[in-house]
Amino acid sequence: MRNVGLKARMAVVGSILFAFYAVAAVVVMGVFDWPLALVVLGSVAFVGVQYKVGKWMALRSVGAEDLPEDRYPEIHRRVESLSRDMGIDKPRLMIASMGVPNAFAVGRKGAGTVVVSEELLRRLAPDEVEGVLAHELAHIRNRDVVMMVLGQGVASIVAIVAQWVVLLTGDNDIADFFLAIVVGQLTQMLVMLFVFAISRYREYVADGDAAREMGSGEPLARALEKISRSAEGHEVDDQVNALCIFGDGTGLARLFATHPPVEKRIERLRR
Amino acid sequence: MTDVRTLLAAVLGLLLGLVCLLAPEAVVRTQTAGRRPTGRDGDYGTDAVPDRWRRLVQVIGVGCLLLGTYFGYAALA
Numbered sequence: 024m025r026n027v028g029l030k031a032r033m034a035v036v037g038s039i040l041f042a043f044y045a046v047a048a049v050v051v052m053g054v055f056d057w058p059l060a061l062v063v064l065g066s067v068a069f070v071g072v073q074y075k076v077g078k079w080m081a082l083r084s085v086g087a088e089d090l091p092e093d094r095y096p097e098i099h100r101r102v103e104s105l106s107r108d109m110g111i112d113k114p115r116l117m118i119a120s121m122g123v124p125n126a127f128a129v130g131r132k133g134a135g136t137v138v139v140s141e142e143l144l145r146r147l148a149p150d151e152v153e154g155v156l157a158h159e160l161a162h163i164r165n166r167d168v169v170m171m172v173l174g175q176g177v178a179s180i181v182a183i184v185a186q187w188v189v190l191l192t193g194d195n196d197i198a199d200f201f202l203a204i205v206v207g208q209l210t211q212m213l214v215m216l217f218v219f220a221i222s223r224y225r226e227y228v229a230d231g232d233a234a235r236e237m238g239s240g241e242p243l244a245r246a247l248e249k250i251s252r253s254a255e256g257h258e259v260d261d262q263v264n265a266l267c268i269f270g271d272g273t274g275l276a277r278l279f280a281t282h283p284p285v286e287k288r289i290e291r292l293r294r
Numbered sequence: 052m053t054d055v056r057t058l059l060a061a062v063l064g065l066l067l068g069l070v071c072l073l074a075p076e077a078v079v080r081t082q083t084a085g086r087r088p089t090g091r092d093g094d095y096g097t098d099a100v101p102d103r104w105r106r107l108v109q110v111i112g113v114g115c116l117l118l119g120t121y122f123g124y125a126a127l128a
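If you read the sequences in order, they're chains A and B. With the first sequence counted from 1, adding 23 to any position gets you our numbering. With the second sequence counted from 1, adding 51 to any position gets you our numbering.
What follows is the structure, given as structure tokens:
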């Protein structure tokens with residue numbers, strides 16, 4: 024059985040998210056007198072629109088274009104081979120100029136897209152690029168993108184319901200409107216804590232899957248090392264960072280991170 | 052008599068203001084996760100938050116602190 028640890032964690036986090044959603048659904052059914060079918064239908068439509076718009080926006084925002092097969096035949100061939108080994112359809116491959124070495128996956132199994140930046144292809148060796156691509160393919164196979172959309176959907180629905188509860192039980196004065204906005208944001212953050220926890224774990228799983236498919240975690244570890252080393256110093260705005268006493272890497276921000284620390288990932292890949 | 056809801060607006064507003072000011076990336080990620088691909092910003096392997104978004108959230112945080120202080124004063128005065 025593959026990824027038993029992930030399945031167990033997903034069962035726990037899924038149950039917590041479902042509990043949040045169930046409370047919100049019961050409130051909507053009670054307050055607005057909506058039948059269960061309408062609540063479920065509305066939720067599915069809400070999440071569906073987020074998924075579609077999110078995918079479209081992600082590709083549009085970086086100006087991604089199809090990765091030409093005549094210019095990058097080796098990448099297409101490797102992705103085809105990795106996809107076959109992973110038991111998924113070959114995703115659409117796209118390229119974009121992002122200013123930094125990066126890659127990300129959108130979509131789902133059977134309709135996935137992997138975007139790589141020109142900078143990534145320039146900076147990394149072919150086997151390191153393959154490690155990155157294997158990691159992104161693992162995200163598609165493990166339905167990580169869909170899981171994040173679902174998690175955000177539940178968090179948003181619970182937050183919206185919490186806002187309405189505050190508004191409907193108040194006097195509609197300015198303090199109530201402010202309270203509704205604040206309660207909505209804090210509620211969403213509370214629910215997303217669980218989504219982020221599982222997201223960080225899913226990164227390790229995708230790393231492990233990529234290493235297994237390639238027969239070694241070394242190429243992906245080297246890619247992460249190379250990128251993080253070159254990133255030192257060019258990314259962080261000192262003026263902003265000075266204000267962030269709970270900044271990236273520590274405390275509160277760490278709890279809300281989608282990715283585990285790069286050093287830990289490298290360490291695990293080399294174990 | 053102290054209005055409990057106004058006091059709650061003050062306390063939670065101050066709390067959110069502090070979070071926005073001290074950990075803006077937590078607020079940004081809460082809003083963007085699942086709506087944008089994770090790891091979309093910054094270098095590969097990170098989930099960096101663009102500086103302009105951090106600053107925007109910090110400005111909102113200052114607004115929350117001001118409103119929270121005002122409602123606190125209104126509730127206790």
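Glycine included, C-beta positions come from ideal geometry on N, C-alpha and C.
Pair within 8 angstroms by beta-carbon distance, residue i and residue j
i                : j                : result
Gly296 (chain A) : Ile183 (chain A) : This structure does not reach residue 296 (chain A), given that chain A is present from 24 up to 294, and the question cannot be answered.
Val152 (chain A) : Val181 (chain A) : no
Thr136 (chain A) : Ser222 (chain A) : no
Val54 (chain A)  : Ala87 (chain A)  : no
Phe122 (chain B) : Phe201 (chain A) : yes
Val36 (chain A)  : Met52 (chain A)  : no
Val100 (chain B) : Arg86 (chain B)  : no
Arg291 (chain A) : Tyr227 (chain A) : yes
Expected contact under 8 angstroms - CB spacing of residue i and residue j to nearest Å
i                : j                : result
Gln175 (chain A) : Ala84 (chain B)  : 6 angstroms
Ala128 (chain A) : Val168 (chain A) : 6 angstroms
Leu105 (chain A) : Leu40 (chain A)  : Their Cβ separation, rounded to whole angstroms, is 31 angstroms, which puts Leu105 (chain A) and Leu40 (chain A) out of contact at 8 angstroms.
Leu73 (chain B)  : Val205 (chain A) : Going by Cβ atoms, the distance from Leu73 (chain B) to Val205 (chain A) rounds to 16 angstroms, so no, they are not a contact pair.
Arg164 (chain A) : Met237 (chain A) : Wrong, their Cβ atoms sit about 14 angstroms apart, outside the cutoff.
Val177 (chain A) : Tyr44 (chain A)  : 5 angstroms
Through-space distance from residue j to residue i, alpha-carbon basis
i                : j                : result
Ala125 (chain B) : Thr57 (chain B)  : 8 angstroms
Val108 (chain B) : Arg131 (chain A) : 31 angstroms
Gly68 (chain B)  : Gln82 (chain B)  : 16 angstroms
Leu209 (chain A) : Pro91 (chain A)  : 45 angstroms
Asp102 (chain B) : Pro75 (chain B)  : 10 angstroms
Ser120 (chain A) : Asp56 (chain A)  : 50 angstroms
Trp79 (chain A)  : Pro88 (chain B)  : 11 angstroms
Asp232 (chain A) : Pro283 (chain A) : 16 angstroms
Leu65 (chain B)  : Ala126 (chain A) : 38 angstroms
Asp230 (chain A) : Glu142 (chain A) : 21 angstroms
Tyr95 (chain B)  : Arg166 (chain A) : 19 angstroms
Val70 (chain B)  : Asp98 (chain B)  : 18 angstroms
Ala61 (chain B)  : Phe279 (chain A) : 24 angstroms
Leu130 (chain B) : Gly119 (chain B) : Since the first residue shown for chain B is 52 and the last is 128, residue 130 (chain B) is missing from the structure and cannot be characterised.
Leu82 (chain A)  : Val189 (chain A) : 37 angstroms
Val50 (chain A)  : Phe69 (chain A)  : 17 angstroms
Arg32 (chain A)  : Val285 (chain A) : 22 angstroms
Arg245 (chain A) : Ser251 (chain A) : 10 angstroms
Cys267 (chain A) : Leu247 (chain A) : Below a pLDDT of 50, predicted positions are generally treated as unreliable, and Cys267 (chain A), at 31, falls in that range; the measurement from the model is reported next regardless. Roughly 25 angstroms between the two C-alpha positions.
Ser140 (chain A) : Met170 (chain A) : 24 angstroms
Arg294 (chain A) : Pro124 (chain A) : 25 angstroms
Gly193 (chain A) : Ser179 (chain A) : 21 angstroms
Where the alpha helix (DSSP H) containing residue i begins and where it ends
i                : result
Phe200 (chain A) : 197–237
Gly295 (chain A) : There is no way to answer for residue 295 (chain A), as the model of chain A reaches only from 24 to 294.
Ile183 (chain A) : 167–191
Val113 (chain B) : 102–127
Gly68 (chain B)  : 55–73
Leu292 (chain A) : 285–293
Gly122 (chain A) : Segment: none, Gly122 (chain A) is in no alpha helix (DSSP H) and carries neither H nor E.
Gly154 (chain A) : 149–164
Arg86 (chain B)  : No alpha helix (DSSP H) contains Arg86 (chain B), which DSSP labels as neither H nor E.
His99 (chain A)  : 96–109
Gly274 (chain A) : 274–278
Element boundaries [beta strand (DSSP E), containing residue i]
i                : result
Arg115 (chain A) : 115–119
Ala126 (chain A) : 126–131
Ala307 (chain A) : Since the first residue of chain A shown is 24 and the last is 294, residue 307 (chain A) is not available in this structure.
Thr136 (chain A) : 134–140
Determine contact between the region 157–165 of chain A and the region 102–122 of chain A, defined as no fewer than three beta-carbon pairs at a distance below 8 angstroms. Touching, yes.
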